[in-house]
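Undergrad:
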DNA sequence: TATGAATGAGCGTTCATTCAT
DNA sequence: CATGAATGAACGCTCATTCAT
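Chains as they are written, first to last, in the working numbering: chain A, 1 to 191; chain B, 1001 to 1191; chain C, 2001 to 2191; chain D, 3001 to 3191.
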């Protein structure tokens, strides 16, 4: 019998190595070699388990999205009020795991590539819609429709923007980002 | 009989072609060939005028930053109050020229690359600081120090985030983005 | 409890799958994977039973030659005259099993490879000699030496050429090929 | 001004090197490296002038076909009778240049690959039709329709078969091949 | 000033083969 | 007896860069 059950282990290893390489070098300089070397395996294994580099990149993005989605779902279930739900969403997006510089840098690479790669664009669109829809749903209980829409767009943009600036400047951690976003939310709710 | 005075013309041509290629294909698929073909010149000319691809990319980013900086400077000079200055900054960032999808997409590429390219990182840092500093300076006249800092960070993040989402989803134009940002500003000023 | 007596079954399976793959894809695109998938077994099994791809290819060619040789031997034994013997040789070479497009296409691949592969070249040479010798032996009873040699060469070339054109154009079946070859034979015998 | 007029020189160089490599190693072991090394240029040049290996292979086959076609056209123009025309066709196919072992070996590679490569198949089909049509046209003046068809098929097959056996066994030169083919022709004409 | 021919390192991918199970 | 995970060399190809003209 062959060595069995390696598939999920190898897939996880390779996805982690992809995030690490994107964080260190950026997407442009992330090659099959840098990934496989980082995972301690041979380059050929990527094609064995993912069929090619593109599919590994898509799987990596899917994995990152899924982790975020699972976090949000769990925290939303425990939230008792619209305000608490909004706070939960913000908290999840700025949780330490999501604010890991390597993860944020990987996001940045996917963002830049997605307008030119249908598979990534699709994932990106799904995520953007989910964030906006989650925000709008909770805001609807607290604000009139039009303002709820606007604040949902603003909060979504601010979340992405805070991530972005953290990737670019490194001059902000999750706690600060959270404070800025909550300050915005409260200002709009109290306006 | 050599043509003289071609340098500024060629440099501008090549920078425009770089933005166009980055908008159409993304940074990853922008090559010396796509740029030179877009400019209607030979690949060798890039090295003649810029020394190499990297320097052309940096020059392109510099050019985009300079256009934005010039815009802001001009508009700030005409603004009579702190509130008007803040509005001018927001207006400039969401002016039509800055919101051109090709330009936004080029920005996205530079953002993704800059953590791994010192020349781009330097330019990016200067721009981020200028935006933050401009915002903070005007906000200081309207808010206490700590809140001014926080709102400056929030507004800067929101501006970048709105650009980002416009590049990724195309579902927002400059006018809407401006409204969202101004709504945030007013909410914080009135809080 | 190991399965015993699998060897001849597996070897036959793999040889059949090799012919099928060469017929469908050509030798150049026939890989250990296409063969093993076609046989419904794992790639490793080829090395278990044949030691490697090259030896499987040689075994496949040997198998095809042997089938032809056995056919010819049987038909020659039943032939009562030199003319009948020549007809038997032609018949065997254009029998339906030999004219199967997959088989002809496999032959074509071996022909192209054999000048650069000693094992295949050896098999090819043995076969070419056997055909020529069988033809010459029967022709010697009907023609003077020099003409017998020449017609043997001509018939051998025509047999291979008719196979070849059937592989390349598919515009000829065994019956037609047989008629062309017999027409040649009779023309030379009656000249 | 750039080094100019290199294109036809380089294309010819690379086509010659392709034939040489196919003759020495066979199509299967002919790589971009073996070709470019044989031509004394860098591997990248193949993509510069031909776009890729496949197009170089097709251009090589085209070049070989064109040489044969030009030969035949010239010789046919000088032939005064149907018999002389047939002889001219046979002569051209067994001319020394066409019987060069490297050229014959290259043909063999193309034959084996053409059923699986539309571009090669098209060229091969055109050539097969031209040969058959040339033969039939001249034979029509000497034989009834049905026999003319049959002998055309037979002669075409024999020409290919003699080439093939010369590639496989090396035991025949153009002069002998010519004699065998003419013997067949005369036998059929006198039958 | 400008060309485009030419290079060669490095890319993603394929594949025959090995081997622990 | 049989698997399929894993390797690593070699493939076709891309691309920034150089340079003779």
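We put the CB at the ideal spot given by N, CA and C, even for glycine.
#1: Could you name the residues of chain A that residue 956(B) contacts, counting a contact when the two beta carbons are closer than 8 Å?
#2: Are the Cβ atoms of residue 167(A) and residue 1101(B) separated by less than 8 Å?
#3: Of the residues 2109(C), 2014(C), 2060(C), 2081(C), which one's Cα is nearest the Cα of residue 2164(C)?
#4: Per the contact definition of three or more C-beta pairs closer than 8 Å, is the region 3057 to 3069 of chain D in contact with the region 3009 to 3020 of chain D?
#5: Could you check which residue in 2032(C), 2068(C), 2152(C), 2125(C) has the C-alpha nearest to that of residue 2232(C)?
#6: How should residue 2040(C) be labelled, buried or exposed, when 16 other C-beta atoms within 10 angstroms of its C-beta is the threshold for buried?
#7: When burial is assigned at 16 or more other CB atoms within 10 Å of the CB, is residue 93(A) buried or exposed?
#8: Here's the rule I'm using: 16 or more other beta-carbon atoms within 10 Å means buried, otherwise exposed. How should residue 160(A) be labelled?
#9: Rounded to whole angstroms, what's the CA-CA distance from residue 2104(C) to residue 2091(C)? Just pull it up for me.
#10: Quick one: is residue 2080(C) buried, meaning 16 or more other Cβ sit within 10 Å of its Cβ, or exposed?
#11: So that I know if they touch, is there some Cβ in chain B lying closer than 8 Å to that of residue 35(A)?
#12: When the distance is taken between beta carbons, is residue 2135(C) closer than 8 Å to residue 2098(C)?
#13: Would you check if the distance between the CB atom of residue 1150(B) and the CB atom of residue 183(A) is smaller than 8 Å?
#14: Between which two residues does the alpha helix (DSSP H) holding residue 2106(C) run?
#15: Assuming residue 3132(D) is part of the alpha helix (DSSP H), what are its boundary residues?
#16: Tell me the rounded alpha-carbon separation between residue 3022(D) and residue 2111(C).
#17: Look at the alpha carbon of residue 3028(D) and the alpha carbon of residue 2113(C), and state the distance between them as a whole number of angstroms.
#18: With DSSP collapsed to three states, give me the class of residue 3173(D).
#19: Flag this pair as yes or no: are the beta carbons of residue 3132(D) and residue 3148(D) separated by less than 8 Å?
#20: Please tell me whether residue 133(A) has its Cβ less than 8 Å away from any Cβ of chain B.
#21: To which residues of the same chain is residue 3001(D) closer than 6 Å at the C-beta, ignoring the five residues directly before and after it?
#22: Please compile the residues from chain B whose C-beta is within a distance smaller than 8 Å of the C-beta of residue 156(A).
#23: Cα separation between residue 2189(C) and residue 2143(C)?
#24: At the level of alpha carbons, what is the spacing between residue 2118(C) and residue 3034(D)?
#25: Output the distance between the C-alpha atoms of residue 72(A) and residue 3045(D), rounded to the nearest integer angstrom.
#26: Does the Cβ of residue 187(A) have 16 or more other Cβ atoms within 10 Å, making it buried, or fewer, making it exposed?
#27: How would you write the range of the alpha helix (DSSP H) that residue 1030(B) sits in, first residue to last?
#28: Determine the DSSP secondary structure at residue 2043(C), reduced to helix, strand or coil.
#29: So, does the CB of residue 1183(B) fall closer than 8 Å to a CB anywhere in chain A?
#30: Enumerate in chain order the residues of its own chain whose CB-to-CB distance from residue 3089(D) is below 7 Å, with the five nearest sequence positions on each side excluded.
#31: For the alpha helix (DSSP H) containing residue 3063(D), name the first residue and the last one.
#32: Nearest-angstrom Cα distance between residue 3180(D) and residue 2139(C)?
#33: Could you name the residues of chain A that residue 1115(B) contacts, counting a contact when the two beta carbons are closer than 8 Å?
#34: Could you spell out the range, first to last residue, of the alpha helix (DSSP H) harbouring residue 2086(C)?
#35: Taking Cβ positions only, does residue 2029(C) come closer than 8 Å to chain D?
TA: In terms of the structure at hand:
#1: The structure shown does not extend to residue 956(B), since chain B is modelled only from 1001 through 1191, so no value can be given for it.
#2: Not a contact, by the Cβ cut-off of 8 Å.
#3: 2109(C)
#4: Verdict: yes, contact present.
#5: There is simply no residue 2232(C) to check, as chain C begins at 2001 and stops at 2191 in what is shown.
#6: Per the 10 Å Cβ criterion, exposed.
#7: buried
#8: Buried, by the Cβ-count rule.
#9: Straight-line Cα distance between these residues: approximately 15 Å.
#10: exposed
#11: no
#12: no
#13: yes
#14: 2101 to 2113
#15: 3118 to 3139
#16: Cα to Cα, the separation comes out at about 14 Å.
#17: 8 Å
#18: coil
#19: no
#20: no
#21: Confidence in residue 3001(D) is poor, its pLDDT being 40 and thus under 50, which makes the residue's placement unreliable; the coordinate value appears in the next sentence. Excluding residues within five positions, none has a Cβ falling inside 6 Å.
#22: Those are 1161, 1165, listed as they occur along chain B.
#23: 7 Å
#24: 21 Å
#25: 54 Å
#26: buried
#27: Premise fails: residue 1030(B) is in no alpha helix (DSSP H) and is neither H nor E.
#28: If DSSP states are grouped into helix, strand and coil, residue 2043(C) belongs with coil.
#29: yes
#30: Within its own chain, the residues whose Cβ lies closer than 7 Å to the Cβ of residue 3089(D), once the five positions on either side in sequence are excluded, are 3072, 3134, 3135, listed in chain order.
#31: Segment 3053 to 3077, the alpha helix (DSSP H) holding residue 3063(D).
#32: Spanning the two alpha carbons is a distance of roughly 15 Å.
#33: 26, 105, 108, 167, 168
#34: 2082 to 2093
#35: yes
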